[in-house]
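Just below is one structure, and these are the notes that go with it.
Residue numbers (our numbering): 34 to 212.
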């Protein structure tokens, strides 16, 4: 057996250690940015506003990207003043939670509160419908025909979330036991 080498190891140069530290710090920064982007609640909430209704109807989804952006800008302008802040939105649901946890449960108060929430949502839906109709009315005949073709294709394809991977309809359709 050979004896361990008694000579001391040379120290790594200071500039190499600094470079390794900076490289590690940069890698951690990049990982932090990626994790933050994936787990964040979105830019609208960071700016103190409740995001616009994210549910896209086939009518909106069939618009081309430029038309969707134009419609979105128009709606943001119209709805900006009536849009609740995140604090107001959360407060409304906090009230609903309080009503649900109350003993005894007051069904009428809970119903009134839900109706108030739905009325606010209905105003936004109506504004969206009205803006879409006005937007389509401004299209040329060729643009409307192309829009109708995209809408038809979208309807034929159906909601992607309900399609099975093999494209044969909803999960569970046509199979024994419904699953």
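Using N, Cα and C, we set each Cβ at its ideal position, and we do this for glycine too.
Would you say residue i faces chain C, with C-beta separation under 8 Å as the test?
i           : result
residue 131 : In the structure shown, chain C cannot be found, because there is only a single protein chain.
Rounded to whole angstroms, what is the Cα-Cα separation between residue i and residue j?
i           : j           : result
residue 57  : residue 68  : 16 Å
residue 59  : residue 48  : 16 Å
residue 182 : residue 174 : 12 Å
residue 115 : residue 134 : 29 Å
residue 119 : residue 142 : 23 Å
residue 177 : residue 66  : 42 Å
residue 215 : residue 145 : In the structure as shown, the chain starts at 34 and stops at 212, and residue 215 therefore has no counterpart that could be examined.
residue 46  : residue 53  : 11 Å
residue 206 : residue 106 : Low confidence applies here, because residue 206 scores a pLDDT of 45, under 50, leaving its location unreliable; read the following figure in that light. Each residue's Cα considered, the two are about 40 Å apart.
residue 91  : residue 63  : 37 Å
residue 157 : residue 61  : 42 Å
residue 152 : residue 159 : 10 Å
residue 44  : residue 102 : 59 Å
residue 55  : residue 154 : 50 Å
residue 42  : residue 50  : 15 Å
My assumption, with CB atoms under 8 Å, is that residue i sits in contact with residue j. Please give the rounded CB distance.
i           : j           : result
residue 139 : residue 132 : 7 Å
residue 168 : residue 104 : 5 Å
For residue i, which of the options has the nearest alpha-carbon?
i           : options          : result
residue 127 : 141, 102 and 147 : 147
residue 124 : 150, 65 and 52   : 150
residue 171 : 156, 100 and 63  : 100
Comparing the CB of residue i with every heavy atom of the ligand PLP, is any distance shorter than 7 Å?
i           : result
residue 153 : The ligand PLP is not part of this structure, which contains no ligands at all.
Does the stretch 111 to 126 come into contact with the stretch 151 to 166, if we say contact requires no fewer than three beta-carbon pairs (one atom in each stretch) closer than 8 Å? yes
Is it the case that the stretch 179 to 192 contacts the stretch 92 to 107, given that we only count it when at least three CB pairs across the two stretches are under 8 Å? yes
Starting from the N-terminal side, write out each stretch of the beta strand (DSSP E) that is 3 residues or longer and does not extend beyond the stretch 42 to 75. none
Just to confirm the assignment: which complete alpha helix (DSSP H) runs, minimum length 4, are found wholly within the stretch 119 to 202? 119 to 134, 140 to 170 and 174 to 190
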